[in-house]
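Chemist: First residue of the sequence shown? That's 1 in UniProt numbering, and the numbers climb one at a time after it. Glycine included, every Cβ here is placed at the ideal spot set by N, Cα and C. Mind looking over this structure? Questions follow.
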Amino acid sequence: MLVWLSRGHSRRREDLHRKTCCLVIAKLVIYTTSKNTADSAASRRLSYCLQTLDFASLVKYLRDLRTVDADDTKGMKLPLDAARRTYNTNSRDVALWHPPSFVKVRYMASRLGKKFLALLYNRRLRAETIARSESLDLRNLTIDNYHGLAYRYYTPEADTDQGLKRIVEEDMQPTHPLPEFDVLVLDEQQDMNPIIYNFVLKLLRDCAKTGTNSPQLMLLGDPRQEIYQFNNADKRFLTHCRDLFTGQYLENGKAHERTWVEINQMVSFRMTSQIIRFINRQLLRGSKPQIEAVKNNPDDPLPRYVVCDAYSDAPLKELKRLLEEEKLPPEEILIMAPSLRSARNPIRDLANLIALEMPEVRLHIPTDDDDSISEKVSAGKLIFASYHQAKGIEREAAILFNFSSSYYDFYDRHPTTLVNVGNVQYVAATRAKKHLVLIHHYEDDYLPFIDRKTLSKYCYRPSGPNSRVKPHRTEKEIERIKMPKFRWKVTDLTRNIPETVVSACFQELGLEMVRQPNDYRVRPDSHVEVAPGDWEAVADITGTAVPAIFEYEQRGTCKLITDVIDSLDKSQKPLDLLSEKYTNHMLDINDRLEEQKLRISDILFMANISNMLTSGYIYKVLSVPFERYTWFTTEHSEAAFNILSKQIGEEARYEVFIGHRFTDITAGNNHASVIGRVDLFDYARLWELKWTSALRPEHVLQVALYAAINKRSRIKKFREKEYVDSQPLEYRERIAKRKTRPKIPIDIDYNNLEDEDLYKKLSRLSNYLLHVPTGQRIKISSPLGGERDGFIEVLKKLIKAKVDPPPLAINDKKFLEEAKNGFPSFVGPCAVPPWLSPGWNKMKKRSKLQLETLEGNTAGSG
1 MLVWLSRGHS RRREDLHRKT CCLVIAKLVI YTTSKNTADS AASRRLSYCL
51 QTLDFASLVK YLRDLRTVDA DDTKGMKLPL DAARRTYNTN SRDVALWHPP
101 SFVKVRYMAS RLGKKFLALL YNRRLRAETI ARSESLDLRN LTIDNYHGLA
151 YRYYTPEADT DQGLKRIVEE DMQPTHPLPE FDVLVLDEQQ DMNPIIYNFV
201 LKLLRDCAKT GTNSPQLMLL GDPRQEIYQF NNADKRFLTH CRDLFTGQYL
251 ENGKAHERTW VEINQMVSFR MTSQIIRFIN RQLLRGSKPQ IEAVKNNPDD
301 PLPRYVVCDA YSDAPLKELK RLLEEEKLPP EEILIMAPSL RSARNPIRDL
351 ANLIALEMPE VRLHIPTDDD DSISEKVSAG KLIFASYHQA KGIEREAAIL
401 FNFSSSYYDF YDRHPTTLVN VGNVQYVAAT RAKKHLVLIH HYEDDYLPFI
451 DRKTLSKYCY RPSGPNSRVK PHRTEKEIER IKMPKFRWKV TDLTRNIPET
501 VVSACFQELG LEMVRQPNDY RVRPDSHVEV APGDWEAVAD ITGTAVPAIF
551 EYEQRGTCKL ITDVIDSLDK SQKPLDLLSE KYTNHMLDIN DRLEEQKLRI
601 SDILFMANIS NMLTSGYIYK VLSVPFERYT WFTTEHSEAA FNILSKQIGE
651 EARYEVFIGH RFTDITAGNN HASVIGRVDL FDYARLWELK WTSALRPEHV
701 LQVALYAAIN KRSRIKKFRE KEYVDSQPLE YRERIAKRKT RPKIPIDIDY
751 NNLEDEDLYK KLSRLSNYLL HVPTGQRIKI SSPLGGERDG FIEVLKKLIK
801 AKVDPPPLAI NDKKFLEEAK NGFPSFVGPC AVPPWLSPGW NKMKKRSKLQ
851 LETLEGNTAG SG
């Protein structure tokens with residue numbers, strides 16, 4: 001961990017900073033050793049450190065400190081493990097309840113008598129830290145996150161990066177007085193990006209106007225945990241703070257240049273020495289600084305380097321060993337892979353084996369690689385996470401998949417170095433406190449930085465089937481792997497896009513909000529208690545089910561159900577893993593569809609099955625009992641129907657697969673192909689329906705890509721009758737028997753161009769994004785004339801961002817030059833409209849309230 005403190009010009013002030021840090025650590029040691037000081041020598045060493053404020057001696061004392069039995073820590077003010085994590089080098093803010101940096105900050109706030117403002121990234125961490133500080137009655141410590149502070153003091157649009165940009169670009173003034181502070185603490189500084197940096201400078205300028213003249217700054221972070229480069233996060237906002245946070249402070253009426261004190265802490269109080277030696281020798285390969293261990297128990301296990309068939313039951317055996325032999329509860333185990341959603345992924349096979357063979361083990365698997373880990377849903381569960389999602393989580397045991405050459409083959413094709421481990425894998429490897437298991441698929445080669453000669457010295461390599469590394473790929477296969485990707489799903493192209501690319505894409509589009517959001521919104525439960533204390537996230541199920549519920553209520557058809565039944569007929573994976581109980585339930589639901597007796601719970605269940613077919617994970621289908629599909633009520637359905645029926649015609653076609661191969665757009669030597677599934681077509685109107693907390697910029701980009709495919713392909717979306725006629729007899733007979741609402745014909749002959757009214761409808765291509773909970777509707781068009789097409793330009797920009805991403809880092813000189821000018825190359829203009837933010841509706845209400853108040857005051861004065 002790296003800590004930077006801005007300080008004054010005098011040696012006396014520098015000494016004060018060192019003594020303050022020394023006192024912080026010393027007090028923490030007092031808390032944790034107050035009931036374990038039988039060793040008089042240890043007591044004398046601690047007393048000496050406290051009396052002399054000898055920083056170096058205190059750190060050496062901490063390094064020599066041995067583990068205290070857990071029973072000896074009961075009743076202490078601060079748990080032992082939290083105190084040790086206070087100076088944890090390899091993992092920042094990994095404790096869920098006592099974040100290490102804020103243990104220090106809280107103590108400083110309690111001792112120095114200054115006003116502190118601490119800014120974080122994580123909302124959950126903010127809530128926990130506020131609760132802890134309030135329990136200590138620290139009234140001089142204000143805790144917030146960057147977006148939250150901007151939201152409260154500037155504009156509700158600031159809950160997104162676009163909102164932060166607009167605050168700086170338009171030089172917005174605070175709507176009410178900013179909090180007063182003498183010390184500004186910036187946490188996780190390696191995660192800062194140019195947008196947040198510009199906002200912090202803006203905050204400091206605005207505070208200076210109100211009398212807070214250049215406060216002392218305290219920056220906390222770990223350069224090795226810089227993993228969000230795709231969002232332009234840069235560790236140099238921490239390591240180059242001298243050049244980035246220049247300025248003056250006032251003392252006794254005189255202006256002084258701000259200078260800095262650097263404190264490096266490279267001691268781990270969490271991981272065992274065995275894990276640390278493996279990381280130092282095999283991952284860091286001698287790069288400085290090395291991690292030093294406090295725990296040094298020779299009986300702790302070595303990391304396990306498991307070469308096996310990762311798609312077999314070998315990983316399951318490793319998990320069972322942790323559960324049965326090591327007696328670990330499931331909630332103390334974390335399983336990670338670079339991605340949970342990639343097409344061929346062994347972690348999915350493991351999850352399905354656990355769900356089938358070990359139903360007593362509850363699982364939490366996020367819906368997407370970008371989702372945060374919900375504390376409520378993950379409580380008491382074995383967690384699956386991507387490497388990125390695992391940041392900030394620690395467990396007794398961690399199992400890492402893709403610890404082989406496959407990581408660079410498929411997930412990190414543009415590494416900054418191959419000499420030692422990259423930051424993302426480093427973060428993943430440092431999640432385990434005691435048991436670290438690394439899964440290497442036997443057909444992959446070793447990671448390039450692994451020292452094969454000494455590997456067995458630092459880890460245990462169990463024997464078993466396929467326990468020898470046997471890379472089998474031919475030169476042709478290797479060439480194919482290294483070939484730039486040229487086939488994408490629409491949703492993959494719009495994920496993790498640099499902010500500058502997003503702004504450039506929006507400049508190609510015309511956006512019009514044709515329907516403002518309602519003041520009310522449809523709010524079904526997003527989490528369901530499936531058993532006492534066992535919660536499951538269901539918002540993704542609701543999002544899939546709502547269009548299908550509307551289709552059934554409006555037309556009596558439900559394409560979602562017929563698609564699932566077709567998959568069942570084809571024995572599509574992973575349907576073949578489900579028991580007869582689930583198969584029969586699906587068939588019963590299909591019968592109720594044909595009898596027009598569907599229940600909302602039926603569609604919710606089939607939506608869960610549909611999501612399972614997309615993700616490949618069966619755990620959620622098994623975890624939600626049939627009788628618990630009750631969270632979306634008749635009232636919710638009626639409210640959603642009221643919103644949708646006013647905007648969507650009765651002849652709409654649902655869940656339409658589209659795709660196109662673009663001969664004028666290349667990825668490497670291949671033409672780019674893009675596929676997706678449009679929620680519905682209403683004649684020539686394309687609709688994307690979203691059931692999320694709010695619309696986001698990536699949703700607009702999804703519609704733009706669908707529009708690009710639609711304009712180029714003119715696909716068979718209007719030829720349902722031809723499609724039905726081409727299907728097997730059994731399928732056609734089932735369609736013919738299906739009962740539908742008499743007022744809605746099942747087939748419309750879209751090829752009948754003699755029907756002028758129909759022809760007009762088909763010629764009016766338009767594209768809409770609809771937020772179902774609020775009714776907000778956005779029309780997305782391509783305003784560019786001539787041969788230039790905005791939708792195609794968006795597609796080109798997104799493909800280029802994936803195939804040929806901008807450099808992850810520029811040199812230091814260029815970086816500092818960019819900083820002086822506000823990072824113009826990294827911060828594009830505010831191209832995203834303000835109404836496309838979660839806080840816009842609240843901003844609208846605030847403006848309405850202010851107007852009503854003003855009118856009332858005017859009327860009163862008149």
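Ordered along the chain, which non-local residues of its own chain (more than five positions away) have a Cβ less than 6 Å from that of A708?
Modeler: Once the five neighbours on either side are set aside, the close Cβ partners of A708 are F791, I792 and L795.
Chemist: Quick check on D159: buried or exposed, where buried means 16 or more other Cβ atoms within 10 Å of its Cβ?
Modeler: buried
Chemist: Report the rounded CA-to-CA distance for I648 versus S673, giving the unit in angstroms.
Modeler: 29 Å
Chemist: By DSSP, does D664 sit in helix, in strand, or in coil?
Modeler: strand
Chemist: Cα separation between V501 and E396?
Modeler: 40 Å
Chemist: Quick one: residues in its chain with C-beta nearer than 6 Å to the C-beta of K114, no 5 flanking neighbours on either side, listed in chain order?
Modeler: D182 and V183
Chemist: Is the separation between the beta-carbon of L436 and that of A398 shorter than 7 Å?
Modeler: yes
Chemist: For P547 versus L689, is the C-beta spacing smaller than 7 Å?
Modeler: yes
Chemist: Across which residues does DSSP place Q776 in a beta bridge pair?
Modeler: For Q776, DSSP records a beta bridge to H771.
Chemist: Cα-Cα, which of L2, N145, K797 and S214 is closest to L509?
Modeler: Of the candidates L2, N145, K797 and S214, the one whose C-alpha sits nearest the C-alpha of L509 is K797.
Chemist: Quick check on the burial criterion: 16 or more other C-beta atoms within 10 angstroms. Buried or exposed for M483?
Modeler: exposed
Chemist: Which of the three DSSP states is assigned to R152 in this structure?
Modeler: Helix at R152.
Chemist: Going by C-alpha to C-alpha distance, which of I609, N297 and I675 sits closest to M271?
Modeler: N297
Chemist: Please classify V621: is it buried, with 16 or more other beta-carbons within 10 angstroms of its beta-carbon, or exposed?
Modeler: buried
Chemist: Counting only the same chain and skipping the five closest in sequence on each side, list residues whose C-beta sits under 6 Å from that of N198.
Modeler: Cβ within range, chain order: V168 and G822.
Chemist: Compute the Euclidean distance between the alpha carbons of I450 and C308, then round it to the nearest angstrom.
Modeler: 17 Å
Chemist: Along the chain, where does the beta strand (DSSP E) containing R487 start, and where does it finish?
Modeler: For R487, the enclosing beta strand (DSSP E) begins and ends at R487 to K489.
Chemist: What number of angstroms, rounded off, separates the C-alpha of I383 from the C-alpha of A639?
Modeler: 35 Å
Chemist: Nearest CA to the CA of I439: which residue from R461, H771, I373 and V200?
Modeler: From the listed residues R461, H771, I373 and V200, the smallest Cα separation to I439 is found for R461.
Chemist: Could you pull out every unbroken alpha helix (DSSP H) segment of at least 4 residues lying fully inside the stretch 584 to 669, listed in chain order?
Modeler: 600 to 615, 619 to 623 and 634 to 645
Chemist: Just reading off the beta strand (DSSP E) that Y305 is part of, what are its end residues?
Modeler: R304 to C308
Chemist: Suppose you measure from the CA of P448 to the CA of Q225; what does that come to, to the nearest Å?
Modeler: 20 Å
Chemist: Please report how far the alpha carbon of V421 lies from the alpha carbon of T542, in whole angstroms.
Modeler: 40 Å
Chemist: Is it right to say G163 is buried, meaning 16 or more other beta carbons lie within 10 angstroms of its own, or is it exposed?
Modeler: Result: buried.
Chemist: Just to confirm the assignment: which complete beta strand (DSSP E) runs, minimum length 3, are found wholly within the stretch 454 to 534?
Modeler: 487 to 489, 510 to 515 and 527 to 531
Chemist: Using the Cα positions of L186 and R242, report the straight-line distance between them to the nearest angstrom.
Modeler: Cα to Cα, L186 sits roughly 14 Å from R242.
Chemist: Across the stretch 519 to 532 and the stretch 602 to 617, are there enough close Cβ pairs to call them in contact, namely three or more that are closer than 8 Å?
Modeler: no
Chemist: When the Cα atoms are used, what is the spatial distance from M513 to F641?
Modeler: 20 Å
Chemist: If you reduce the DSSP assignment to three classes, tell me which class W840 lands in.
Modeler: helix
Chemist: Any chance you could list the alpha helix (DSSP H) runs of at least 4 consecutive residues sitting entirely within the stretch 396 to 465, in chain order?
Modeler: 406 to 410, 423 to 429 and 455 to 458
Chemist: Return the Cβ separation of I393 and I373 in integer angstroms, given the expectation that the two are a contact with Cβ distance under 8 Å.
Modeler: 7 Å
Chemist: Only counting the same chain, and skipping five residues up and downstream in sequence, which positions put a Cβ closer than 6 Å to that of F486?
Modeler: A667, N670 and A672
Chemist: Buried or exposed: Q216, going by 16 or more other Cβ atoms within 10 Å of its Cβ?
Modeler: It is buried - the Cβ of Q216 has at least 16 other Cβ atoms within 10 Å.
Chemist: Within 10 Å of its beta-carbon, does E635 have 16 or more other beta-carbons around it, so buried, or fewer, so exposed?
Modeler: Around the beta carbon of E635, a 10 Å sphere encloses fewer than 16 other beta carbons of the protein chains shown; the residue is thus reported as exposed.
Chemist: Which residues in the same chain as N496 place their Cβ atom closer than 7 Å to its Cβ, once the five residues preceding and following it in sequence are excluded?
Modeler: F230
Chemist: Q229 by DSSP, collapsed to three states: which one?
Modeler: helix
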